[in-house]
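**Q** Positions 1 to 481 (the working numbering) are the ones given, in order, by the sequence shown.
Yeah, the Cβ is synthetic: ideal placement off N, Cα and C, and Gly gets one too.
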Amino acid sequence: MRDALWRMPAAAQAVAVRGAEISAAELVDSHLDRIAEVNPRVNAVTQLMAERAREAAAHVDRRRAAGETLGPLAGVPFTVKESTPVEGVPTTFGTARFRDLVAAADAPPVARLRAAGAIPIGHSNIPTLIMAGMHTRSELFGDTVNPWDSGRTPGGSSGGDAVAVATGMAALGLGNDSGGSVRIPAQFCGVAGLKPSTGRFPADHRVLGPVDPGPASQILVTDGPLARTVGDLRLAYETLAGTDPRDPRAVPVPAYGAPLPGPVKVAVVTDPGGHGVHPAIRAAVATAADALRDAGYDVREVPDVPRLEEALEAYGRIVVTEFAPTWPAVRGLLGDGGDRYIAMAMEQTPPADAAEFMTLMSTWMTVRRSWAEFLDTYPLLLGPVFTEPPVEPGIESRDRAGRDRVGSAMRLCSATSFVGVPAVAVPTGLADGLPCGVQIAGRAFREDLCLDAAQAIEDRLGVLTPVDPRAGGPAGAPPVR
Numbered sequence: 001m002r003d004a005l006w007r008m009p010a011a012a013q014a015v016a017v018r019g020a021e022i023s024a025a026e027l028v029d030s031h032l033d034r035i036a037e038v039n040p041r042v043n044a045v046t047q048l049m050a051e052r053a054r055e056a057a058a059h060v061d062r063r064r065a066a067g068e069t070l071g072p073l074a075g076v077p078f079t080v081k082e083s084t085p086v087e088g089v090p091t092t093f094g095t096a097r098f099r100d101l102v103a104a105a106d107a108p109p110v111a112r113l114r115a116a117g118a119i120p121i122g123h124s125n126i127p128t129l130i131m132a133g134m135h136t137r138s139e140l141f142g143d144t145v146n147p148w149d150s151g152r153t154p155g156g157s158s159g160g161d162a163v164a165v166a167t168g169m170a171a172l173g174l175g176n177d178s179g180g181s182v183r184i185p186a187q188f189c190g191v192a193g194l195k196p197s198t199g200r201f202p203a204d205h206r207v208l209g210p211v212d213p214g215p216a217s218q219i220l221v222t223d224g225p226l227a228r229t230v231g232d233l234r235l236a237y238e239t240l241a242g243t244d245p246r247d248p249r250a251v252p253v254p255a256y257g258a259p260l261p262g263p264v265k266v267a268v269v270t271d272p273g274g275h276g277v278h279p280a281i282r283a284a285v286a287t288a289a290d291a292l293r294d295a296g297y298d299v300r301e302v303p304d305v306p307r308l309e310e311a312l313e314a315y316g317r318i319v320v321t322e323f324a325p326t327w328p329a330v331r332g333l334l335g336d337g338g339d340r341y342i343a344m345a346m347e348q349t350p351p352a353d354a355a356e357f358m359t360l361m362s363t364w365m366t367v368r369r370s371w372a373e374f375l376d377t378y379p380l381l382l383g384p385v386f387t388e389p390p391v392e393p394g395i396e397s398r399d400r401a402g403r404d405r406v407g408s409a410m411r412l413c414s415a416t417s418f419v420g421v422p423a424v425a426v427p428t429g430l431a432d433g434l435p436c437g438v439q440i441a442g443r444a445f446r447e448d449l450c451l452d453a454a455q456a457i458e459d460r461l462g463v464l465t466p467v468d469p470r471a472g473g474p475a476g477a478p479p480v481r
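#1: Rounding to the nearest angstrom, what Cα-Cα distance links residue 294 and residue 300 in this structure?
#2: According to DSSP, is residue 100 part of a helix, a strand, or is it coil?
#3: For the ligand ATP, is there any heavy atom lying closer than 6 Å to the beta carbon of residue 221?
#4: Taking the continuous alpha helix (DSSP H) assigned at residue 176, which residues delimit it?
#5: Taking three-plus beta-carbon pairs below 8 Å as touching, is the stretch 412–430 in contact with the stretch 183–190?
#6: Going by Cα to Cα distance, which pick from 191, 80, 297 and 379 is closest to residue 233?
#7: Please say whether residue 35 and residue 28 have beta carbons closer to each other than 7 Å?
#8: Straight-line CA distance for residue 116 to residue 438?
#9: From the DSSP output, in three-state form, read off residue 313 for me.
#10: What are the partner residues of residue 440, as DSSP defines its beta bridges?
#11: Quick one: what's residue 137 bridged to in DSSP?
#12: How long is the line joining the alpha carbons of residue 85 and residue 130, rounded to whole angstroms?
#13: For the candidate residues 188, 209, 127 and 327, whose alpha-carbon lies nearest to that of residue 281?
#14: Could you name the residues of the same chain whose beta carbon sits closer than 8 Å to that of residue 231, not counting the 5 residues immediately before and after it, in chain order?
#15: Take residue 381 as the anchor and find which of 316, 267 and 66 has the nearest alpha-carbon.
#16: What is the rounded straight-line gap between the Cα of residue 310 and the Cα of residue 207?
#17: Once DSSP output is grouped into helix, strand and coil, what is the label at residue 350?
#18: Can you tell me whether residue 412 is buried or exposed? The criterion is at least 16 other CB atoms within 10 Å of its CB, across all chains shown.
#19: Is it right to say residue 211 is buried, meaning 16 or more other beta carbons lie within 10 angstroms of its own, or is it exposed?
#20: Specify the secondary structure class of residue 224 as computed by DSSP and reduced to three states.
#21: Tell me, please, which residues DSSP counts as bridged to residue 122.
#22: What's the C-alpha gap between residue 329 and residue 134?
#23: What does a CB cutoff of less than 8 Å around residue 364 pick up in its chain, not counting 5 residues either side in sequence?
#24: Beta-carbon within less than 7 Å of residue 269's beta-carbon, same chain only, minus the 5 sequence neighbours each way: which residues are those?
#25: Quick one: what's got a C-beta closer than 8 Å to residue 167's C-beta in the same chain, skipping five residues either side?
#26: In whole angstroms, what separates the C-alpha of residue 223 from that of residue 66?
#27: Assign residue 478 to one of two classes, buried (16 or more other C-beta atoms within 10 Å of its C-beta) or exposed (fewer than that).
#28: So, are the CB atoms of residue 443 and residue 240 less than 7 Å apart?
#29: At a cut of 8 Å, does the stretch 80–96 reach the stretch 136–153 through at least three beta carbon pairs?
#30: Among residues of its own chain, excluding the 5 on either side of residue 406, which ones have a beta-carbon nearer than 6 Å to its beta-carbon?
#31: How would you call residue 279, buried or exposed, if buried means at least 16 neighbouring beta carbons within 10 angstroms?
#32: Assuming contact is defined by CB atoms lying nearer than 7 Å, are residue 128 and residue 92 in contact in what I supplied?
#33: Does the beta-carbon distance from residue 246 to residue 204 come in below 7 Å?
#34: How would you call residue 486, buried or exposed, if buried means at least 16 neighbouring beta carbons within 10 angstroms?
#35: Taking just the CA atoms, how far does residue 194 sit from residue 452?
#36: Once the 5 residues before and after residue 126 are set aside, which same chain residues still bring their CB inside 8 Å of it?
This is the structure we're talking about:
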């Protein structure tokens with residue numbers, strides 16, 4: 001039975017461990033066997049924590065034998081993005097300069113998953129410093145391969161987690177998202193992903209020492225889980241939500257809000273901003289809309305989302321302004337060619353001066369207010385994650401046209417991150433052999449509504465993974481020049 005354990009959803013794995021149908025040790029070993037089989041082909045797991053995972057599993061089994069109550073994720077293996085600290089393991093950010101940066105403590109979301117019984121089984125690959133582009137390629141670990149097609153990117157920056165979850169190397173992945181970094185790899189790899197509301201999950205995104213990043217990094221970046229099923233995503237959400245003294249931004253809002261009266265209204269925007277959308281993605285949005293109608297939702301096409309262009313312009317300008325003072329130092333950490341993605345942004349978008357920055361902060365609030373009013377009428381929004389199917393690796397770093405193409409395709413992800421509302425990416429099926437998906441965004445702190453709608457879509461359209469990697473180019477292929 002052990003060989004099949006990695007195929008089980010996370011919820012079923014935990015039930016089996018709590019009920020003594022399987023041991024946590026068997027569950028971990030099953031995943032380690034899967035990693036040994038698959039990871040050489042996809043290069044998603046970077047630092048394997050095999051012995052630590054086995055020790056944690058043995059501890060879970062001893063607790064069960066002693067009659068202790070186990071947590072909701074008892075024994076469930078999960079991966080952790082290379083930028084998120086795991087106690088006693090280097091947090092490398094994918095750069096050689098940080099290969100010995102051993103974490104003194106678990107980051108808050110890692111600690112929460114551990115407290116629920118889950119077991120970190122490995123770090124997962126990212127673009128170098130999370131800044132080298134959308135494609136998951138790091139200076140330290142090389143390229144991660146999309147298991148559906150080695151000629152397409154798995155997305156990023158949480159691409160390693162998406163691939164690990166999609167291929168069954170882990171039941172859950174812990175990524176983060178500041179403009180699509182969970183949702184895009186979820187779409188490209190055929191899994192589900194959650195970007196929570198700003199302030200929903202406690203986090204600690206300091207890189208070196210006690211100094212916190214600036215306001216954009218504090219507000220835009222949210223940790224979020226990836227899973228093969230929406231039910232598993234919900235289980236991770238319930239575990240990660242809450243407060244922590246290490247993060248004063250996290251607010252004590254209940255994980256579930258009051259039921260809404262009548263059929264829940266869903267606004268559908270297939271082509272945000274009218275910049276174009278691939279036919280396969282247009283069809284995915286239509287298919288998801290039909291699934292929600294069938295589930296009893298009040299689904300309505302609307303002209304567009306509020307203030308999209310203002311949101312995108314202000315987002316880019318605020319981030320560049322915050323980042324500009326450190327760019328000369330950071331540029332040297334990005335490795336050969338790793339600076340192109342950010343360098344093009346710095347050339348295209350000049351930093352704001354103090355007066356301009358204050359105006360941008362005002363714009364930020366105006367955009368958030370407009371979205372709050374929009375979501376007061378339509379509690380949910382259905383739209384694309386990325387307006388194209390998975391693209392080839394590294395196009396965003398090749399030239400300005402490639403960067404603009406990718407930036408445009410992820411525009412709804414950028415806007416929803418800027419506004420701070422929750423969104424769930426959920427698969428809708430395959431098109432030409434590649435995964436397609438949509439996202440459901442909602443009112444602030446109503447992740448429960450987003451998850452309910454995503455579950456309705458999954459119930460009608462099915463689950464795509466786990467998947468065996470398709471034959472193709474080798475993992476760790478040379479970077480695109």
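**A** To lay it out plainly:
#1: One alpha carbon belongs to residue 294, the other to residue 300, and they sit about 13 Å apart.
#2: Correct three-state label for residue 100: coil.
#3: With respect to the ligand ATP, the structure offers nothing, as it holds no ligand at all.
#4: From DSSP, residue 176 is part of no alpha helix (DSSP H) but of the beta strand (DSSP E) over 172–177.
#5: Segments in contact, yes.
#6: For residue 233, the nearest C-alpha among the options comes from 191.
#7: Contact flag unset, no.
#8: Roughly 29 Å between the two C-alpha positions.
#9: Residue 313: helix per DSSP, three-state reduction.
#10: Residue 440 pairs with 382 and 424.
#11: In the DSSP output, where bridge partners are listed per residue, residue 137 has 143.
#12: Approximately 14 Å, taken between the alpha carbons.
#13: When each option's Cα is compared against that of residue 281, the closest is 188.
#14: Same-chain partners within the cutoff: 9, 11 and 455.
#15: For the residues 316, 267 and 66, the minimum Cα distance to residue 381 belongs to 267.
#16: Going by the C-alpha atoms only, they are around 30 Å apart.
#17: In the three-state DSSP reduction, residue 350 falls in the coil class, being neither helix nor strand.
#18: Buried is the call here.
#19: Exposed, since its Cβ has fewer than 16 Cβ neighbours within 10 Å.
#20: Strand, per DSSP.
#21: DSSP lists 48 and 79 as partners of residue 122.
#22: Linking residue 329 to residue 134 through their CA atoms gives a straight-line distance of about 21 Å.
#23: Within the same chain, residue 364 has close Cβ partners 314, 318 and 418.
#24: Cβ neighbours of residue 269 beyond the five flanking positions: 302, 304, 305, 381 and 383.
#25: Cβ neighbours of residue 167 beyond the five flanking positions: 34, 38, 42, 44, 147, 465, 466, 467, 468 and 469.
#26: Residue 223 and residue 66: Cα-Cα distance of roughly 34 Å.
#27: With a pLDDT of 31 at residue 478, under the threshold of 50, the modelled position of this residue cannot be trusted; read the value that follows with caution. Its Cβ having fewer than 16 others within 10 Å, residue 478 is exposed.
#28: No. Outside cutoff.
#29: The stretch 80–96, when compared against the stretch 136–153, does touch it at the 8 Å Cβ threshold.
#30: Only 134 and 396 meet the Cβ criterion.
#31: Label assigned to residue 279: exposed.
#32: No, the Cβ-Cβ distance between residue 128 and residue 92 is not below 7 Å.
#33: In contact: residue 246 and residue 204 (Cβ atoms closer than 7 Å).
#34: An answer regarding residue 486 cannot be provided, because it is not within the stretch 1 to 481 covered by the chain.
#35: Residue 452 and residue 194: Cα-Cα distance of roughly 12 Å.
#36: Contacts found: 81, 82, 83, 93, 94, 136, 138, 156, 157, 158, 159 and 160.
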